[in-house]
Structure formats: structure tokens, C-alpha cells
């Protein structure tokens, strides 16, 4: 009853709060208003973004920015291309261009793709600017003054002929991994076996620039003292991370659980922000120190009053959008950098991370032509709004999702064409055809207010979903509203009620149903904007753009008074046929993945020998009765790991073999996720970072599992032993990824126990 009264009141007394005045340019925070700063992870400039990149960063942020503007917030949405670093130098070398030429070319490509996708940046900039140099160097000076920077020597490969230290991607050689021997492996990864590599381990390394053999030399680098900032970081995280997406919280917690480590923030490169310190002026800042500062410098390019956004935490709510692999740098490293300056920086309040979007049954691959990239989406003939709709429908909020051509067709033809498009066209056509383009007068009855109450419930759920960045749910609530509208028309059939031979009462009823339906269309034109802005705008044009459609209402109301004139509607959505889907599916299927290499007999024989030795070692330890449980578990973990490597070398499933003794005992042996890692953290860069991030999450999850089954008290020792072995193996992998000798882990654990 209360909901009916509320619906009736909102219809009879329309709110004026949906009429907005435009914010002046540049957009600046205003005292007493809701000021929202939004950034999406800076796309790297050396490639074209694929659909997963687009939904993970810029499109998710755009959906939220548009929603915030609808509800009247003061919004600044900033992004730009990340242009410095090794990858740009490498790309320039491969294409025979300068790094600046590469940046200019790909910045334009990114900009065009995002314009086509209707991404509503307030400013889309780049990191190769004077503002970037000045602000990054100022932050460095503050850190240095505060004692947060120190020097350390690092061994690297040096090319005498080129007179430069070589970043990983500037070194090639023979893959060091057993059984591979691929002769053109890069210094970060081997394309032959797919495993990660430390450039120092390459056999017969050669400089990619001149092909001469490099030598090992020491180079002094600058490190950020994260451990000294950690107490402040922990206090800050405790206060704000509860508002982050759950995956962002888990990843950051895993990073800080065992304590932060110092991080190198300089590189021996030419292309980057220069380091302003004596003895280091030939170096540049590491891209993951430098790039997040780009949010600030790009804002400075937009307005010289940038500090009103970036040094104003009491007045600004800051949202960051990214895929999960970027979380540690935005949730730990960047905030630590700002905290270390002791300045009053605006730091992220809401860190919103997605999982990954895959392509059909695999992953996007530019080299193999698999999947749709931004520039190709433009050429498909499918409107940008349909792409936006489907990507947001699939948004990987809590787990990975997969793009499917058949599903895209289904969603377009069912949800968009038959549901949303059909409802809008029918409701508007009734007004245009039967009422001479003029919205008829309405006299709603209780059942109409019941429909309005149902719409209000969906509208409130929509608002809550988007406010909390549950964007998939928000879209489903829009489709629920259009479904209610379709059912309303279907049930009352106004086109029959208004026929000349019907009674005046029937005609009045038909007019009311038509008026309510066209006002539901008006609501849809507002709430659809974050998802399908072009379609929303077309609907508003059909409605002659009344002033009440500028902002988000709290309740459904009479947007269009009796007598309001509309235009002749045109179909909103075009069907996608089977032939088009077959053509596009084939076009973007790419080349078949290369067949697995046959098992290398030497590698298999060596691993079988190692497994036999390790198995004997485990048996002897168990038989002696003198070895501690942790020691035995660690050796069991090594045995399991070796078995996994053997299975992989033989091209088999890497789950623990069925002959494992634990399985004989009726317990499923631990299935250890083994990730190929370089054996020295050093300066390996982003690939090692991903290993570390992923492994830290796995260690945290497995640790929780071990604690849970131990607490039960009803789980057998054998089963606990298997789970502990899995945990120890994951810890070993993590240690290797971090450049720590895994043999030191047992002694550390013993000390902790004492």
C-alpha cells in the first residue's frame, strides 16, 4: 500500500530535480557538492586495445562516470596513453621509427577507438609531457628528502658496442629451459616453450640492437623504501579498502601480508622520465613508478587548477578502474609513493577491478589474429552501442567471462530488439499513430500505480547497483523495466481500446495506458545513457528532448505532460543474422594455436630420474622418524612439483598422477598450480609482477584452506599433509618469483615457531 501511495504521489507531483544545469569547463570540485574523480588504467601505447582491455578499464569507468553525471555529481573523468618504457623502445626498433613517432601513431589509434565507443573522457591525454616530467620529479624529490629513496647495485647485461645496459627485451639468445633450446628467446620470455626467462640465464645472449655478445656489469639503481612506508599504508588501507571490489582487497592483502619489499624505481633506458639525481641522470624512472603519476599530470594538462582535484581528499571521492593485474601498483605502490611524500594527496577511495574477459574458448591474441580489437570492432558494421551493451552485459565482475559471437547475436535479437527496441517502438508508435503525435491525458487507476510501483522497485535497484559498480545488475534492471512495459501493453492492448467503435470509457483507458507506456519510454531514455548513450539520445530525440530527461529521478514520474508532441519513431535496433555471425566468427578466429611440441626424451628421462631420487628421499625421511612434519611436507611438495613438470613435459594433464599414494589412501592429492617463473626477481618487469600477484593470491587462499581444515578437527592427517604440501609448494614458487632462495623458507618457519 505504501509503494502504491508513493507511486501515485510521484506521478501526480513530478520532481524538478531531474533538470540539470551543465557544469562549467574545466570541471572543478565545488564545496557542498558531490565531487567525483574517475580514472581508468592508462592503456599502454604500443598496441591496439582488445575488447577485454576496453571493458576492464575505459568502458567500465565510462558507465560509472555517465551514471554519476546523471545523478548530478560534479565529475572529472581522466585517462590517457602510457607512453614510456621498454615496450615503446622495442616497438620503435621493430618498426624503424622513433619512440615519439610510435607514441603519436598509437595515441591517435587509441583516441579514435575510444571516441567510436563513446567513452566520455573529460580529457584523454598522454604521459610524454612536460607536466609529467615536472610532477614525477617533484614527487621523487619529496620522497628523497623524506629518506624514502636509497641506492643499490644490480647486475645487468651490458653491450659494449652500443654502450648501454640492456633491458630484458633488448636481449635475445638460446632458451635455458630443459628440453627447449629455442634460439631466438627474448630476455623476458621464450616464444618456443612459453616460459618466463631471466635475461641473465640466456645461453649465448646477444644484443638485439647490434647482435654482439653482452657482458655482465653492475649498475647502481634507486629503490623506493616501501617497508618504511608500510605502517602508514596499513592505516590508510584499513580506512578505505572496505569500499574496494573484493578481488582488489584480496590482491592487496596478499601483497602486504608478509611485509612489503623495497622496489627498484629506475631503469637504464633512454625513453622515459629522466631521474633528477646526480649520478643517475642517464637513467629514467621505471614505468610502474612513473605511469600512475600520469593521472595527475594529465589532469594538469586539462587545467592548471589540478591541485583542487589531487590535493583535496576531504572534498573529492576518487574512483580507479582497472583489470585485476594492475591492482598491486594502484592499491599498494602508487598510494605508498604519495604517502611517502607527506603531502596531502587525494588517494583512491574506491578501487574497482575486473577479472578477465576471454574470447570464445581461448584468449585474445594480436599475433595470431584471435579476437576482436578496437579498430576491428569499428569495421564489423555492428553499432558501438551494441558492443557497449554486450560488453557491459558480460562485465567480468567476480569471475572471468567469455565473449561469444552466437551469444552476442542472441542478446542483440532477444534483449535489445525484441524486448527494449520493441517496447520503445510500440509505445511511441501508439502516440504518433493514434493520438496525432500528442501524448494523451492520463487518468491512472490502482493497477497502473501497481505497475509504477514495480518500476520504482527496479529503478531503485538500478540506482543502488550502479552506485556500487555492479554494472551488470544495473543493465538487467533496465531490461526488467522494458519487460514490465511490454507486459503492460500486452495485457491492456490500448490499440484495441481506442478504436472508434469502443466506449468513451475504453478510449480513456486506452489513452491512459498509452500515456503511462510512453512515460516509461522516457524513463528508459534516461537510465539507458550509461550503457547505450547513442540509443538513449535517439529515444530523447523521438520525445523532442523534454527538460525532465536530463537527470536521474528517484521515482518514476510523469516526464511528458498531456499535449507534449513527439516525433515519428524509427526502429532502434537492427537484427543480426546467422550469415553475419558466421562471417565474423570465421574472420576473428585467427590462426590455429601451434601444436604442442613432442615430448623431449632427454627432459623426460632427467625428470623421471629426479622423481625417483626425490621419492627415495621422502621415503627415507618418513622412515627415519626424526624429520619434522614441515621438512617432510616440503620434500613432498618438491616431489609433487616434479611430477607436475614431468606430466607437462609429456603433454599430459598436470594434475597429480593417479598412482600417487595419497589417492590410494582415498584422499585426493594436491593439485598444485605450477607457474613457470624466472629464478631471479631483479629488474624483470611486468611478467614477473603478474606471477607474484597471482601466486600471492594463491598462497593466501591455500593458507586459509589449511587453517579451515585444521580447525575442523575431523580431517585426517594425510589430507592435511597434502594441503600443507600444496601451500609449501606455492610458497616456494612465490619465493622464486620474488628472487628469494626457497631453501631459506624452512629455517624462517622454524625461527617463527621458536
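Residue numbers (full-length UniProt numbering): 1 to 754. Ideal Cβ positions, reconstructed from N, Cα and C, are used throughout, including at glycine.
- Taking the CA atoms as reference points, residue 519 sits about 11 Å from residue 540.
- DSSP, read as helix, strand or coil, puts residue 221 in strand.
- Linking residue 567 to residue 493 through their CA atoms gives a straight-line distance of about 22 Å.
- Residue 281 and residue 153 have their C-alpha atoms spaced approximately 16 Å apart.
- Distance check between residue 379 and each of 580, 14, 401 places 580 closest, using alpha-carbon atoms only.
- Beta-bridge partners of residue 151 (DSSP): 222.
- Residue 19 counts as exposed, since fewer than 16 other beta carbons sit within 10 angstroms of its beta carbon.
- Here residue 166 is not near residue 185, since their CB atoms are 8 Å or more apart.
- Taking every protein chain shown into account, the CB of residue 415 has 16 or more other CB atoms within 10 angstroms, so this residue is buried.
- For residue 238, the secondary structure class from DSSP, reduced to helix, strand or coil, is helix.
- Inclusion of residue 721 and residue 71 in the CB contact set at 8 Å is not warranted, their separation being larger than that value.
- The alpha-carbon of residue 357 is positioned some 7 Å away from that of residue 403.
- Under DSSP, the beta-bridge partners assigned to residue 173 are 185.
- Secondary structure in the region 77 to 139: the alpha helix (DSSP H) runs of 4 residues or longer, each lying completely within the stretch, are 86 to 95, 99 to 116 in chain order.
- Exclusion of the five residues before and after residue 715 leaves 709 as the residues of its chain whose Cβ lies within less than 6 Å of its Cβ.
- Annotation: residue 513 to residue 56 spans about 41 Å, alpha carbon to alpha carbon.
- For residue 305, the secondary structure class from DSSP, reduced to helix, strand or coil, is coil.
- With respect to the 8 Å criterion, residue 555 and residue 6 are classified as neighbours on the basis of their beta carbons.
- Taking the CA atoms as reference points, residue 307 sits about 9 Å from residue 346.
- Around the C-beta of residue 385, 16 or more other C-beta atoms lie within 10 Å, and the residue is accordingly described as buried.
- In the DSSP annotation of this structure, the continuous segment of the beta strand (DSSP E) that includes residue 403 starts and ends at 401 to 403.
- In the structure shown, residue 351 falls within a strand segment according to DSSP collapsed to helix, strand and coil.
- As the crow flies, the alpha-carbon of residue 503 is around 28 Å from that of residue 569.
- Residue 323 is bridged by DSSP to 354.
- Counting other Cβ atoms within 10 Å of its Cβ, residue 257 stays below 16 and is therefore classed as exposed.
- Straight-line spacing of the CA atoms in residue 332 and residue 255 works out to 8 Å.
- Membership of residue 206 in the beta strand (DSSP E) is indicated by the continuous run 203 to 207.
- Each of 476, 38, 130, 337 was checked against the Cα of residue 233, and the nearest Cα belongs to 337.
- The way I'd put it, the region 30 to 50 does touch the region 365 to 374; three or more beta-carbon pairs between them come closer than 8 Å.
- Between the region 467 to 480 and the region 518 to 535 there are three or more inter-stretch CB-CB distances shorter than 8 Å, so the stretches are counted as touching.
- Residue pairing by DSSP places residue 156 opposite 217 in a beta bridge.
- In this structure, the alpha-carbon of residue 103 lies about 19 Å from that of residue 54.
- In the displayed model, residue 318 falls within a strand according to three-state DSSP.
- Rounded to the nearest whole angstrom, the C-alpha separation of residue 575 and residue 383 is 11 Å.
- Between residue 451 and residue 516 the beta-carbon gap is near 7 Å, inside 8 Å, which marks them as a contact.
- Residue 343 counts as exposed, since fewer than 16 other beta carbons sit within 10 angstroms of its beta carbon.
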